[in-house]
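One structure is given below, encoded as structure tokens.
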Amino acid sequence: MAFSLLPKKTNFFVLFNKQTQFAIAAAVLFAQQASQGDFGLESVKKMRDIEHQADDIAHEIMHRLNKTFITPFDREDIQSLACSIDDVIDLIYTITNRMKVYKVVVIDKYLVEFSTIIEKSVRALAGAIEGLSDSKHHQTVIDRCIEVNRLENIGDTMRDAILGELFETAHDPIFLIKWKEIYQFTEEVLDLCEDAAHVVESIMVKQA
Amino acid sequence: MAFSLLPKKTNFFVLFNKQTQFAIAAAVLFAQQASQGDFGLESVKKMRDIEHQADDIAHEIMHRLNKTFITPFDREDIQSLACSIDDVIDLIYTITNRMKVYKVVVIDKYLVEFSTIIEKSVRALAGAIEGLSDSKHHQTVIDRCIEVNRLENIGDTMRDAILGELFETAHDPIFLIKWKEIYQFTEEVLDLCEDAAHVVESIMVKQA
Amino acid sequence: MAFSLLPKKTNFFVLFNKQTQFAIAAAVLFAQQASQGDFGLESVKKMRDIEHQADDIAHEIMHRLNKTFITPFDREDIQSLACSIDDVIDLIYTITNRMKVYKVVVIDKYLVEFSTIIEKSVRALAGAIEGLSDSKHHQTVIDRCIEVNRLENIGDTMRDAILGELFETAHDPIFLIKWKEIYQFTEEVLDLCEDAAHVVESIMVKQA
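Chains as they are written, first to last, in this note's numbering: chain A, -1 to 206; chain B, -1 to 206; chain C, -1 to 206.
Shown next as structure tokens:
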């Protein structure tokens, strides 16, 4: 019995690790794009490819969930976690794509800063999720989730400072409309990472 | 036993079909309004009536769900599906109402195009949901869900092209603010149809 | 048996009442800030404190939920309710904070009006939730939920009228961007109260 169930348990962790690897790939690419001011066709197409592949993993998780009786943790938590990670990747793609639509070609120091924090947060989240597979990593999971929360708070403060400056200094409303949206999206990525970390915490509490 | 359960099964399907009929009515009215540039008081009131009636059905589904022990598919899926369809109708009403608030009276070719795609997507979704009641229609359900996904992709590309044009050509920021919001809402209707189609797919996978 | 279960039941109600008391505190503070046009550092810090304390309660509810086998009502409903109330408080804080970021110091009659309605809605919601603990208060729960819905409808109409006026009279697009967002947020608080009231109704239907 244990023999037939364990592989299923393992599968979900393997799938979640695949999914978070795509989240990391998206965050790394976004940091590159921001630091080079490159949101051209080619570059955005790369992000789209990552997003599509991540989508396939999310679908596979949902499909297996619907076909599996015994799961390593609560069904709704598996669903929530898969959706949360997918939301993170989707929003990173949306930002990249919106930069292309807005034809922004400058290197913006705040966007670079945000992209660095996003990469840190996604890596912390990936570490937390990886830790879920083994109760020995309990403390690591907690630490990484706290890190995701910490980065979200930093993002909040940053967005407020940047928006404040934008509204004080911008004379071109259309410029303001574009960047207001972009900065709100970037901060929202950190919110979504925090949502995912909350699911992770909830899974861990139930396992304890 | 089968005798006492079947009517309950049927009821949910009947209710879902009623709900999707209202979604179709909303999409058809929206396409009319867009093609005639008519978002006047009378016309928006008609949409509000559809939205209210659809709301009653959604409430009835939730009420019966809370009172029913045995359901044709998972309780959370029934709830998700009812909410998703309701979200579609709500957002179509929001667009119509916002057009009235913004006092837009022109016929906009892009809005007409979007309204046509929305009608197609809502009809495909309704077909998929109708197919759920009988496993013989398995392939129809799949085909319709794929169609909803396809239309969402078209909507994405359209919105990007239209936003790109809007930001390049608009000189009046207030004009831009209005239409940016309207086009984003219209594309979001297609996202919501896709969300509903995902619930349908998930129901079907579990039935298989 | 009943002896060991009742305290657990009581706990959730006590926690929900604590949470709604913070929601009331947030709404009262917001009404004060709006009527005095005071969204300065000190005042916004007070709101942040309320939001943080409310967050702790929400976390405690989720933590206990994950550790409790028998709950006074469905687990998902407890989770939904805690999240909904938290969303209300979060959004009130967001409005207050955004006013600070936008450096708005005027007293705006519409914001004052909205803040009054928000306070009424939050108090009605708190009353509904309090009533859940005893079936004798069944009618009170219903009445308060209807009141929350009524206030949401009023908020909808108000927002439409205010947005219509804003778009007709505003000549400064940056002014319009700020206030459009603020009014939409304030109306959204009423939507979130309605979402919470829907959860309350659903809990009550199941209890009946």
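Note that CB positions come from ideal geometry on N, CA and C, so glycine has one too.
Host alpha helix (DSSP H) of THR167/A (start-end): Looking up residue 167/A in the first sequence gives position 169. Element bounds for THR167/A: 136 to 167.
Nonlocal neighbours in the same chain, by C-beta distance under 8 Å from THR138/C, ignoring five residues either side: In the third sequence, counting from the first residue as 1, residue 138/C sits at position 140. Spatial neighbours of THR138/C in its own chain (CB-CB distance under 8 Å, excluding positions within 5 residues in sequence) are listed in chain order as GLY125, ALA126, GLY129.
Span of the alpha helix (DSSP H), counted from its first residue to its last, around TYR91/B: For the purposes of this step, residue 91/B is taken as residue 93 along the second sequence, with counting starting at 1. That run of the alpha helix (DSSP H) goes 73 to 99.
Proximity below 8 Å, CB of LEU123/B to CB of GLU150/B: As a working mapping, residue 123/B is identified with position 125 in the second sequence. As a working mapping, residue 150/B is identified with position 152 in the second sequence. Cβ distance not < 8 Å, so LEU123/B and GLU150/B don't count as in contact.
Within-8 Å CB hit, MET60/C to chain A: Position 62 of the third sequence, counted from the start, is the residue given in the question as residue 60/C. Yes - at least one Cβ of chain A is within 8 Å of the one on MET60/C.
Near-chain B residues of the region 161 to 179 of chain C - C-beta to any C-beta below 8 Å: Under the 8 Å Cβ criterion, the region 161 to 179 of chain C contributes LEU161, GLY162, PHE165, GLU166, ALA168, PRO171, LEU174, ILE175, LYS178.
Test item: CB-CB of ALA80/B and ILE59/B under 8 Å: For the purposes of this step, residue 80/B is taken as the residue at position 82 of the second sequence. For the purposes of this step, residue 59/B is taken as the residue at position 61 of the second sequence. Judged by beta-carbon spacing, ILE59/B lies within the 8 Å limit of ALA80/B, meaning their Cβ atoms are closer than that value.
C-beta contact flag for GLN51/B and LEU63/B at 8 Å: Walking along the second sequence from the start, residue 51/B turns up at place 53. Walking along the second sequence from the start, residue 63/B turns up at place 65. No, these two residues do not count as a Cβ contact at 8 Å.
Residue-chain proximity (ILE140/A, chain C), Cβ-Cβ < 8 Å: Here residue 140/A refers to the residue found at position 142 when the first sequence is read from its first residue. It does not; no Cβ of chain C falls within 8 Å.
Inter-residue spacing [alpha-carbon to alpha-carbon] between ILE55/A and GLU117/C: Position 57 of the first sequence holds residue 55/A. Position 119 of the third sequence holds residue 117/C. Straight-line Cα distance between these residues: approximately 45 Å.
Contact belief for PHE10/B with THR69/B at Cβ below 8 Å, rounded distance in angstroms: Locating residue 10/B in the second sequence gives position 12, counting from the first residue. Locating residue 69/B in the second sequence gives position 71, counting from the first residue. Under the criterion of beta carbons closer than 8 Å, PHE10/B and THR69/B qualify as touching, at roughly 7 Å.
Local Cβ density within 10 Å of LEU27/C, reported as buried at 16 or more and exposed below that: Within the third sequence, residue 27/C is the residue found at index 29, counting from 1. It is buried - the Cβ of LEU27/C has at least 16 other Cβ atoms within 10 Å.
Residue of GLY38/C, GLU40/C, ARG46/C, GLN31/C minimising C-alpha distance to PHE20/C: The residue given as residue 20/C occupies position 22 in the third sequence. It is ARG46/C whose Cα lies nearest to the Cα of PHE20/C.
Near-chain B residues of the region 90 to 101 of chain A (beta-carbon distance less than 9 Å), N- to C-terminal order: Along the region 90 to 101 of chain A, the positions whose C-beta sits under 9 Å from a C-beta of chain B are ASN95, ARG96, LYS98, VAL99, TYR100, LYS101, read in chain order.
DSSP three-state assignment for LYS6/C, whether helix, strand or coil: Along the third sequence, one-based indexing puts residue 6/C at 8. Caution applies to LYS6/C, whose pLDDT of 47 falls short of 50 and renders its modelled position unreliable; the value that the coordinates give is listed next. DSSP places LYS6/C in helix when its eight states are reduced to three.
Beta-carbon proximity check, ILE160/A vs TYR181/A, cutoff 8 Å: Along the first sequence, one-based indexing puts residue 160/A at 162. Along the first sequence, one-based indexing puts residue 181/A at 183. Their beta carbons are under 8 Å apart, which means ILE160/A touches TYR181/A by this criterion.
Closer than 9 Å at the beta carbon, the chain A residues around LYS65/C: Here residue 65/C refers to the residue found at position 67 of the third sequence. Result: VAL203, LYS204, ALA206.
Interface residues of the region 187 to 201 of chain C facing chain B [CB-CB below 7 Å]: Among the residues of the region 187 to 201 of chain C, those with a Cβ less than 7 Å away from any Cβ of chain B are SER200, in the order of the chain.
Chain A within 8 Å of ASP106/B, Cβ atoms only: Within the second sequence, the letter at position 108 stands for residue 106/B. Taking a beta-carbon distance threshold of 8 Å, ASP106/B does not count as an interface residue toward chain A.
Closer than 9 Å at the beta carbon, the chain B residues around ASP85/C: Here the question's residue 85/C lines up with position 87 in the third sequence. Those within 9 Å of ASP85/C in chain B number zero; the least Cβ separation is about 16 Å.
Separation of LYS107/B from ALA194/B, as counted between CA atoms: Locating residue 194/B in the second sequence gives position 196, where the first residue counts as 1. Locating residue 107/B in the second sequence gives position 109, where the first residue counts as 1. Annotation: ALA194/B to LYS107/B spans about 27 Å, alpha carbon to alpha carbon.
Sequence-distant residues of the same chain with beta carbon closer than 7 Å to ALA23/A, five excluded per side: Mapped onto the first sequence, residue 23/A falls at position 25. When the five nearest sequence neighbours on each side are left out, the beta carbons in the same chain lying within less than 7 Å of the beta carbon of ALA23/A are those of ILE48, in order along the chain.
Contacts of ASP158/C in chain B (Cβ-Cβ under 9 Å): Translated into the one-based positions of the third sequence, residue 158/C becomes position 160. Chain order gives the chain B residues near ASP158/C as ASN95, ARG96, LYS98, VAL99, where near means a beta carbon separation below 9 Å.
Span separating the alpha-carbon of ASP154/C from that of GLY162/C: As a first step, residue 154/C is located in the third sequence; it is residue number 156 there, counting from the start. As a first step, residue 162/C is located in the third sequence; it is residue number 164 there, counting from the start. So the two alpha carbons sit approximately 12 Å from each other.
ILE90/A to GLN205/C span [Cα, whole Å]: Working through the first sequence from its first residue, we reach residue 90/A at position 92. Working through the third sequence from its first residue, we reach residue 205/C at position 207. Rounded to the nearest whole angstrom, the CA to CA distance from ILE90/A to GLN205/C is 43 Å.
Secondary structure of PRO70/B, DSSP reduced to three states: Taking the first residue of the second sequence as position 1, residue 70/B is located at position 72. Coil at PRO70/B, not helix or strand.
Reduced DSSP secondary structure (H/G/I, E/B, other) of GLY129/B: Counting from one through the second sequence, the residue named residue 129/B turns up at place 131. In the structure shown, GLY129/B sits in a helix (DSSP, three-state: H, G or I).
Candidates ALA32/B, THR114/B, ARG73/B, of which the one nearest VAL197/B by Cα: What you label residue 197/B is simply residue 199 of the second sequence in a count that begins at 1. Looking at the Cα atoms, ARG73/B is the closest of the given residues.
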